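A short worksheet on the structure shown next.
2 protein chains.
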Amino acid sequence: MIRYPNGTKYQPAAEKKRVSRKSKEDLSISASNRGMDLESDINLSNEWYRDQDIAVITKRPTPINIVKVDYSRGARITDAYFEKQSTTDYNGVYKGRYIDFEAKNTKSKTSFPLSNIEKHQIDHLKRVIKHGGIAFFIIQFQSRQEVYLLDASFVIDFWENGERKSIPYDVFLKDGILIKQGYSPRLYYIDAIEQKYFKK
Amino acid sequence: MIRYPNGTKYQPAAEKKRVSRKSKEDLSISASNRGMDLESDINLSNEWYRDQDIAVITKRPTPINIVKVDYSRGARITDAYFEKQSTTDYNGVYKGRYIDFEAKNTKSKTSFPLSNIEKHQIDHLKRVIKHGGIAFFIIQFQSRQEVYLLDASFVIDFWENGERKSIPYDVFLKDGILIKQGYSPRLYYIDAIEQKYFKK
Chain A
89 MIRYPNGTKY QPAAEKKRVS RKSKEDLSIS ASNRGMDLES DINLSNEWYR DQDIAVITKR
149 PTPINIVKVD YSRGARITDA YFEKQSTTDY NGVYKGRYID FEAKNTKSKT SFPLSNIEKH
209 QIDHLKRVIK HGGIAFFIIQ FQSRQEVYLL DASFVIDFWE NGERKSIPYD VFLKDGILIK
269 QGYSPRLYYI DAIEQKYFKK
Chain B
89 MIRYPNGTKY QPAAEKKRVS RKSKEDLSIS ASNRGMDLES DINLSNEWYR DQDIAVITKR
149 PTPINIVKVD YSRGARITDA YFEKQSTTDY NGVYKGRYID FEAKNTKSKT SFPLSNIEKH
209 QIDHLKRVIK HGGIAFFIIQ FQSRQEVYLL DASFVIDFWE NGERKSIPYD VFLKDGILIK
269 QGYSPRLYYI DAIEQKYFKK
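Okay, structure coming up:
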């Protein structure tokens, strides 16, 4: 999935949809807004965690390959295309530790398909773990309205050794941490980090 | 020629790679060129540190605000503009610790002007320090062909309390760490991190 730059500012979902590539998932966004736009929820949560002085976690801007810039219009980009993120979408610091994660959603009720995870993301997360960082995925099961934190090691293991190209929902129940949802923050994912990585 | 708002040249990824490979092999590269393109030097150093399994540090892509996308041409961006980075340019992990820094160069021999550092970058670095991350600047004195690591606290202090809008060169001699330059890596800045933050 290609994600879009939002930098510091949160764009309303409607405006965002206009510039978004029309994927199957985009078109399915409908009735219940809450928890349906995972990226917006994470960005809002990050702003909240930053403002509350709890953690500093930011989204990496989408890499854009620029072909043409019009300087007569004040450095306006007139031709460019999206590139794939070579790492993950989010990283930052919590209690001095390095945090790195990728967020994905699925419409499936029974499993999370690995098809939209890139090999270089797996390589990146393996390196992060090797260097002592905290690496995980935030996976949203849309139809269940549930969001889980799953340590990257499980995803790496399924990616490299799994017979099927997906992670069964049961794995999330057993080894994931269900992320509490609310309004401030939208996703209490730092609580899940605390539970998984800091509690002895 | 395409230029980013900060005046650095824009190079397509492919061209960049070609140049870097050439410069790695061409040991007769002139001394005057060496270390003149700070961003390329840091990017090459980061690749080397990654490949040598020493650290995982990446450059955040330049944020672009997208106005118009032409889907009939396969999601081609036809109108967009550069945004200011709301954080710093680089972050990552070394020995489990969160690393965050901004890189700048100056032509001045006597001081580093604070004029091209944004307030939100100062705010960001203050937060990083507060949450236990390692935060610094990599400053290149072009005409001296010297590159220093200076802990962010000094820059924050000059920014907030300094009477003049620059940091004298003497501060770098006294409180900075001179970064060794070479070919692999171009900038031994992890050595400087080790010296500054890990050696007791």
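Quick mapping for you: the protein sequence lines, in order, are chains A and B. Take the first sequence: its letter number 87 is residue 175 in the working numbering, and every next letter is one higher. Take the second sequence: its letter number 3 is residue 91 in the working numbering, and every next letter is one higher. Quick reminder that beta carbons are idealized off the backbone N, C-alpha and C, glycines included. Note that this is a predicted model, so its numbers are computed, not measured.
Between LYS288(B) and HIS219(A), the C-beta spacing is not below 8 Å. Under the criterion of beta carbons closer than 8 Å, ARG215(A) and ASP177(A) do not qualify as touching, at roughly 16 Å. The beta carbon of PHE170(A) falls within 8 Å of a beta carbon belonging to chain B, placing the residue at that interface. Scanning the region 168 to 204 of chain B for uninterrupted beta strand (DSSP E) segments of 3 residues or longer gives 178 to 182, 185 to 194, 199 to 201, listed from N- to C-terminal end. In this structure, DSSP gives ASP239(A) an extended state, which the three-state scheme calls strand.
In the displayed model, ILE130(B) falls within a helix according to three-state DSSP. Here the C-alpha atom of TYR236(A) lies approximately 10 Å from the C-alpha atom of TYR257(A). Contact with chain A is absent for PRO273(B), since none of that chain's Cβ atoms lies less than 8 Å from the residue's Cβ.
The beta carbon of ILE154(A) is closer than 7 Å to those of ILE165, ALA168 in its chain, skipping five residues each way along the sequence.
The beta carbon of GLN283(A) is closer than 7 Å to those of ILE265 in its chain, skipping five residues each way along the sequence.
Residue-level contact check: ARG252(A) does not touch chain B, since none of the beta carbons of chain B fall below 8 Å from its beta carbon. Contact residues of the region 174 to 201 of chain B toward chain A are SER174, THR175, ASN179, GLY180, VAL181, TYR182, LYS183, GLY184, ARG185, TYR186, ILE187, ASP188 (C-beta to C-beta distance below 8 Å).
For ASN134(A), the number of other beta carbons within 10 angstroms of its own is at least 16, and it is reported as buried.
For ASP158(A), the enclosing beta strand (DSSP E) has its first and last residue at 152 to 158. Contact between GLN209(B) and GLU234(B) is absent: CB atoms are separated by about 22 Å, not below the 8 Å threshold. Pairing THR146(B) with ARG274(B), the inter-Cα distance amounts to about 15 Å. With a threshold of 8 Å between beta carbons, PRO151(A) makes contact with chain B. In the DSSP secondary-structure assignment, ILE222(B) is bridged to ILE187(B). Rounded to whole angstroms, the Cβ separation of LEU126(B) and GLN228(B) is 5 Å, and the two are in contact under 8 Å. Against chain B, the CB of ARG232(A) has no partner CB under 8 Å away; the residue lies outside that interface. Distance from the Cα of GLY221(A) is smallest, within the candidate group ILE205(A), SER241(A), VAL157(A), ALA163(A), for SER241(A). Identification of residues in the region 218 to 229 of chain B having a C-beta nearer than 8 Å to some C-beta of chain A yields LYS218, HIS219, GLY220, GLY221, given in sequence order.
Distances from the CA of ALA143(B) to each of THR150(B), ILE130(B), PRO201(B) were compared; the closest alpha carbon is that of ILE130(B). The C-beta of GLN173(B) has 16 or more other C-beta atoms within 10 Å across all chains shown, which makes the residue buried. Closest option to THR150(A), judged by alpha-carbon separation, among GLN140(A), LEU132(A), PHE170(A), GLY162(A): PHE170(A). Distance check between ASN204(B) and each of LEU213(B), ASP211(B), THR194(B), HIS212(B) places THR194(B) closest, using alpha-carbon atoms only.
Interface annotation, ALA143(A): in contact with chain B, CB-CB separation under 8 Å.
Taking every protein chain shown into account, the CB of TYR271(B) has fewer than 16 other CB atoms within 10 angstroms, so this residue is exposed. For LYS147(A), the enclosing beta strand (DSSP E) covers residues 144 to 147. Within 10 angstroms of the beta-carbon of TYR137(B) lie 16 or more other beta-carbons, which makes it buried. DSSP places ILE267(A) outside any alpha helix (DSSP H), giving it a letter other than H or E. Using a 10 angstroms sphere on the CB of THR198(B), the tally of other CB atoms stays under 16, which defines it as exposed.
One alpha carbon belongs to LEU213(A), the other to ALA223(A), and they sit about 6 Å apart. GLN228(A) sits in a strand when the DSSP states are folded into three classes.
Counting along the chain, LYS262(A) sits inside the alpha helix (DSSP H) bounded by residues 257 to 263. Ranking SER254(A), GLU248(A), ASP139(A), ASP239(A) by CA distance to the CA of SER196(A) puts SER254(A) first.
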